[in-house]
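For reference, the structure is listed below as structure tokens.
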Amino acid sequence: MTRAPWRWLAAFVIACLVVTRVPAAVDPLPFKDHAEEVRFQNLAKQLRCLVCQNENLQDSSAPLAADLRREVFKQMQAGKSDAQIKSWLTERYSDFVLYDPPLRTGTWLLWFGPLLIVLVGALVVAATIRKRSLAHRNSAPPATPEDDW
Amino acid sequence: MNTRLLPLLGFLLLLALLGFGIWWSSTHDLREVPSPLIDKPAPQFSLPLLEFPTRSFGSKDLAGEPYLLNVFASWCFACRDEHPILMQQGKRLGIRLVGFNYKDEAADAKRWLAQYGNPYDVVIADLPGKVAIDFGVTGAPESFLVDGNGIIRYKHISPITPEVIERELLPRIAAMRGGGP
């Protein structure tokens, strides 16, 4: 077993590499209990990082995101509700900071547009089926259902 | 109309939507999030001066006269493009130029200003970035035009160019001067 020390050294070096390469995206915040941590993470996931716009506040390692996480945490400690913290952020960064835009006249189409499209599609499908069944009935009245297929 | 053409029509519509998306993102800077602070009072703040960290400077010292708050940092690459414009044309604005040194080490910022020149009337330092959050700063460079009543009139994200000075800043400054005493 003369090679064992080398193996230990190699293992140690690899372990060091692995440990130092763990991304430090989320700076540890002093949560008082698990419930608070869950609440914080839930809130941070609904907020957008303004620097890397496709990342949420929880995942982003941008310095601004770290600052905002700290602010959100501070306000949670001060007893602010999630809604209060969100409005504090939107006052500064507009609705853009929220992943779910609030429902109001300007965002009506955004919220219900997809439903509208589905409804239009359903109407088109219904109309087509009706037209086909009418045409079928008119052209071949005595046909049995088996002939259809 | 031949209904067999409908899928092709649908496909063409999708293609048009894709083309619109490409056109939109190439003509619009997606970083330019509209600031909700436009036409609202600038946040109250007091920050240490870069040159004299024991002395603070803030909204009280700036009240009464319009100013341009320019967010910059030595770590910011785009600020290097913006800086010569401010050096050459900053005086044309005819208002105070406030340098807002954002999340920067004082030594780095001083070295940066010594190397490229200092176009600012005053430079304040926000190392923790707390006041920057109140201004809704998302990065550097960003600039805020604040009038004599302390109301934010305009925000520009990304470097100030001669076109921005000509088209956006100068007309607004002239309007402020015309409107106020």
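In the order they appear, the protein sequences are chains A and B. Under numbering that gives the first Met the number 0, the letters of the first sequence match residues 0 to 148, in that order. Under numbering that gives the first Met the number 0, the letters of the second sequence match residues 0 to 180, in that order. Backbone N, C-alpha and C define an ideal beta-carbon position, used for all residues, glycine too.
Query: Separation of Phe39(A) from Gly31(A), as counted between CA atoms; Result: With the sequence shown as reference, residue 31(A) is identified as Lys, and Gly is not the correct amino acid for it. For Lys31(A) and Phe39(A), the distance between alpha carbons rounds to 11 Å.
Query: Among Asn69(B), Leu46(B), Leu144(B), the one whose alpha carbon lies nearest that of Lys59(B); Result: Leu46(B)
Query: Close beta carbons around Val145(B), own chain, < 8 Å, minus the five adjacent residues each side; Result: Ala41, Leu61, Pro65, Tyr66, Leu67, Leu68, Ile151, Arg152
Query: Segment contact, 8 Å Cβ cut-off, at least three pairs: the region 115-125 of chain B with the region 75-89 of chain B; Result: yes
Query: Element boundaries [beta strand (DSSP E), containing Arg91(B)]; Result: Taken as a continuous stretch (DSSP letters only), Arg91(B) belongs to no beta strand (DSSP E), as it is neither H nor E.
Query: Rounded separation between Ala173(B) and Glu165(B) - CA only; Result: 11 Å
Query: Residue of Ile132(B), Cys75(B), Glu81(B) minimising C-alpha distance to Glu104(B); Result: Cys75(B)
Query: Test: Ala113(B) CB closer than 9 Å to a CB of chain A; Result: no
Query: Min CB distance Thr106(A) to chain B below 9 Å; Result: no
Query: Euclidean distance between Cα positions of His135(A) and Ile128(A); Result: 10 Å
Query: Closer than 9 Å to chain B by CB, Ser93(A); Result: yes
Query: Cβ neighbour criterion (16 or more within 10 Å) applied to Glu31(B); Result: exposed
Query: From Asp107(B), Pro158(B), Gly149(B), Leu7(B), residue whose alpha carbon lies closest to that of Gly210(B); Result: The structure shown does not extend to residue 210(B), since chain B spans only 0 to 180, so no value can be given for it.
Query: Contacts that Glu36(A) makes with chain B (C-beta to C-beta distance below 9 Å); Result: Going along chain B, no residue has its Cβ under 9 Å from Glu36(A), so there is no contact; the nearest lies around 22 Å.
Query: Neighbour flag for Pro29(A) against chain B, beta carbons, 9 Å; Result: no
Query: Strand pairing of Phe71(B), partner residues [DSSP]; Result: Asn100(B)
Query: Contact with chain B by Asp58(A), beta-carbon distance below 9 Å; Result: no
Query: Leu97(A) - partner residues in DSSP beta bridges; Result: Leu46(A)
Query: Selected residue, minimal CA-CA separation from Ile132(B), among Leu96(B), Lys102(B), Leu8(B), Trp23(B); Result: Lys102(B)
Query: Residue(s) in a DSSP beta bridge with Ile150(B); Result: Pro40(B)
Query: Cα-Cα separation between Gly18(B) and Ser25(B), rounded to whole angstroms; Result: 11 Å
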